[in-house]
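Heads up: the structure comes next, in structure tokens.
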Amino acid sequence: MFGIGTRTELVPYILILYFWGIEADIFEEFISAITKLKFSKNIQISMDGPNVNWKFYSMLQDYYFKEFGKNLLNIGSCGIHIMQNAFKAGCIASTWGIVDFLTALYYLFKNSPAHRDDFLKESEGALTEKIIQHRWLENVPASESAINLFPQH
């Protein structure tokens, strides 16, 4: 465990393959390691990839429900991909065309040196950043650079 600001986080570096087949032992060690944390405040346990020890996760869910009367949020075995796809679905469902706009804005200047030079001569702003369509949660620079092109009120 280590502290970051006012948060205390448990960072397990355990190779599940090493402990294959002994879910109860993993579970007991995990519970022992988190005794000083306010586990009741937890909403989700992150997992890294599809090779997750699901028996351990099931035991942890049962424990959490018995102790606190609620379930942990289960977003699958690879949370970052689930969140990326959820954000993508939200962008598409909004029908605002954000992705098309940011992509077109980037390529307008990338593919045309004349447009790029004219824009840089007439404005004091920087060019837009490229949107990465498979890393939805990491597109803040592309969004902010597009916002900075417009007059601020």
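For the sequence shown, the working numbering begins at 10 and goes up steadily by one.
Ideal placement from N, C-alpha and C gives every residue a C-beta, glycine not left out.
- Counting only unbroken stretches of 4 or more residues, the alpha helix (DSSP H) elements lying wholly within the segment 46-96 are 63-77, in sequence order.
- In the displayed model, Arg-125 falls within a helix according to three-state DSSP.
- With fewer than 16 other beta carbons inside 10 angstroms of its own, Leu-158 counts as exposed.
- Listed in chain order, the non-local C-beta contacts of Glu-153 below 7 Å within the same chain number zero, local neighbours out to five positions each way being set aside.
- Contact between the segment 128-140 and the segment 100-115 is present: 3 or more CB-CB pairs across the two stretches fall below 8 Å.
- Around Leu-69, the same chain offers Phe-36, Phe-39, Ile-54, Leu-81 as residues with beta carbons nearer than 8 Å, after the five sequence neighbours per side are excluded.
- Per DSSP, Glu-37 is one residue of the alpha helix (DSSP H) stretching across 32-42.
- Contact between Lys-64 and Glu-32 holds: their C-beta atoms lie close to 4 Å from each other, under 8 Å.
- Of all alpha-carbon atoms in Tyr-72, Asp-34, Asn-62, the one lying nearest the alpha-carbon of Asn-51 is that of Tyr-72.
- In the DSSP assignment, Phe-118 falls within the unbroken alpha helix (DSSP H) covering 107-119.
- Asn-120 counts as exposed, since fewer than 16 other beta carbons sit within 10 angstroms of its beta carbon.
- Between the alpha carbons of Ile-89 and Ser-132 lies a distance of about 37 Å.
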